[in-house]
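Numbering (the numbering used here), first residue to last: 2 to 62. All C-beta atoms in this analysis are idealised placements derived from N, C-alpha and C, irrespective of residue type, glycine included. Encoded as structure tokens, the structure appears first; notes follow it.
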């Protein structure tokens with residue numbers, strides 16, 4: 002599957018691994034970040050710090 006700017010978000014079945022409340026509906030104008038990573042990947046682990054900083058910076062947006 003290839004997504005481009007403006008593509009509708011695909012359905013994501015996350016009931017088995019999501020923590021917290023799943024998102025019921027995507028809100029227009031709101032940015033959603035989905036990160037797929039593996040625990041054994043050093044680049045993935047390194048990216049986690051950056052993702053946490055982004056979450057903190059934009060948590061009220």
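{"Asked": "Leaving out the 5 sequence neighbours to the left and right, which residues in its chain are closer than 6 Å to residue 57 when beta-carbon positions are compared?", "Found": "none"}
{"Asked": "For a test of the three-state rule: what should DSSP assign to residue 58, helix, strand or coil?", "Found": "helix"}
{"Asked": "Closest to residue 10 by C-alpha separation, out of 59, 24 and 52, would be which residue?", "Found": "24"}
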